[in-house]
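Asker:
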Amino acid sequence: MSEPRRNKIPCSVLVVIHTPALEVLLIERADKPGYWQSVTGSLDAPDEALDTAARREVLEETGIRGGTLRDWGHANVYEIYPVWRHRYAPEVTHNTEHVFGLTVAAGTPVVLNPREHLHFRWLPWCEAAAACFSPSNTEAILQLPRLAGTAS
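In my numbering, each residue carries its 1-based index in the sequence shown increased by 1158.
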């Protein structure tokens, strides 16, 4: 017998994966073809550390291990898209998304989880920002030149 489905926690991470030359990795959602984004995902447990969630999501979605992870010290609160609201408890309408950057070497291999993503591409930061469907993801990428060199 399978476990009952747990509601998602309305606290998530957004991880902008980029090279030192500011090329950004975008991945296309399997459940919404044409929707390109950075790595994103909810905490697995209320006590999961944000940086742990960020590393876990990066590994689960792209297969990338390592790199330099930086907490950009910014959080977005946004209304959850109606198409995805069924994943949360009925009274939950908003999510808090914590933004991170992950610097990796150019040519870092990417292995997508096919249940979650269809394709990936590396784009210069300006093009990547324009390709994202999520306004908060777009804004995070637009901040990349300013934030990429900051210490955590």
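Each residue gets a CB set at the ideal place from its N, CA and C atoms; glycine is no exception.
Do you know whose CA, among R1187, H1232, H1275, R1164, lies nearest L1172's CA?
Answerer: Within the sequence shown, the letter at position 14 stands for residue 1172. The candidate whose alpha carbon is nearest that of L1172 is H1232.
Asker: Should N1165 go down as buried or exposed, given a rule of 16 or more other Cβ atoms within 10 Å for buried?
Answerer: The residue you call residue 1165 lines up with position 7 of the sequence shown. With fewer than 16 Cβ atoms within 10 Å of its Cβ, N1165 is classed as exposed.
Asker: What three-state label does DSSP hand P1293 in the structure shown?
Answerer: For the purposes of this step, residue 1293 is taken as the residue at position 135 of the sequence shown. In this structure, P1293 counts as helix in the three-state DSSP scheme.
Asker: Using CA atoms only, rank isn't needed, just tell me which of A1306, Y1236, I1185, S1170 is closest to G1221.
Answerer: In the sequence shown, residue 1221 corresponds to position 63, counting from 1. Cα-wise, what sits closest to G1221 is I1185.
Asker: Quick one: what's got a C-beta closer than 8 Å to P1272's C-beta in the same chain, skipping five residues either side?
Answerer: Taking the first residue of the sequence shown as 1, we reach residue 1272 at position 114. For P1272, where only same-chain residues beyond five positions count, the Cβ hits under 8 Å are A1188.
Asker: So, is W1242 buried or exposed, given that buried needs 16 or more other C-beta atoms within 10 angstroms?
Answerer: One-based indexing of the sequence shown puts residue 1242 at position 84. With fewer than 16 other Cβ atoms within 10 Å, it is exposed.
Asker: DSSP three-state label for E1219, please.
Answerer: For the purposes of this step, residue 1219 is identified with residue 61 of the sequence shown, where counting begins at 1. Helix, per DSSP.
Asker: Nearest-angstrom Cα distance between V1182 and R1245?
Answerer: Within the sequence shown, the letter at position 24 stands for residue 1182. Within the sequence shown, the letter at position 87 stands for residue 1245. Near 28 Å, if we compare the C-alpha coordinates of R1245 and V1182.
Asker: Quick one: what does DSSP say L1201 is sitting in, helix, strand or coil?
Answerer: The residue labelled residue 1201 in the question sits at position 43 within the sequence shown. DSSP places L1201 in coil when its eight states are reduced to three.
Asker: Are the beta-carbon atoms of G1192 and E1215 separated by less than 8 Å?
Answerer: As a working note, residue 1192 is residue 34 in the sequence shown. As a working note, residue 1215 is residue 57 in the sequence shown. With respect to the 8 Å criterion, G1192 and E1215 are not classified as neighbours on the basis of their beta carbons.
Asker: Whole angstroms are fine: how far does the CA of E1237 sit from the CA of S1294?
Answerer: Here residue 1294 refers to the residue found at position 136 of the sequence shown. Here residue 1237 refers to the residue found at position 79 of the sequence shown. Each residue's Cα considered, the two are about 11 Å apart.
Asker: Would you mind stating whether T1261 and G1225 have Cβ atoms separated by less than 8 Å?
Answerer: Taking the sequence shown and counting its residues from 1, the one referred to as residue 1261 is at position 103. Taking the sequence shown and counting its residues from 1, the one referred to as residue 1225 is at position 67. Result yes, Cβ atoms of T1261 and G1225 sit closer than 8 Å.
Asker: Do L1201 and C1169 have their CB atoms nearer than 8 Å?
Answerer: Here residue 1201 is taken as the residue at index 43 of the sequence shown, counted from 1. Here residue 1169 is taken as the residue at index 11 of the sequence shown, counted from 1. Cβ distance < 8 Å, so L1201 and C1169 count as in contact.
Asker: Can you give me the Cβ contacts of L1300 inside the same chain, cut-off strictly under 7 Å, excluding the 5 residues immediately before and after it?
Answerer: In the sequence shown, residue 1300 corresponds to position 142, counting from 1. Cβ neighbours of L1300 beyond the five flanking positions: A1287.
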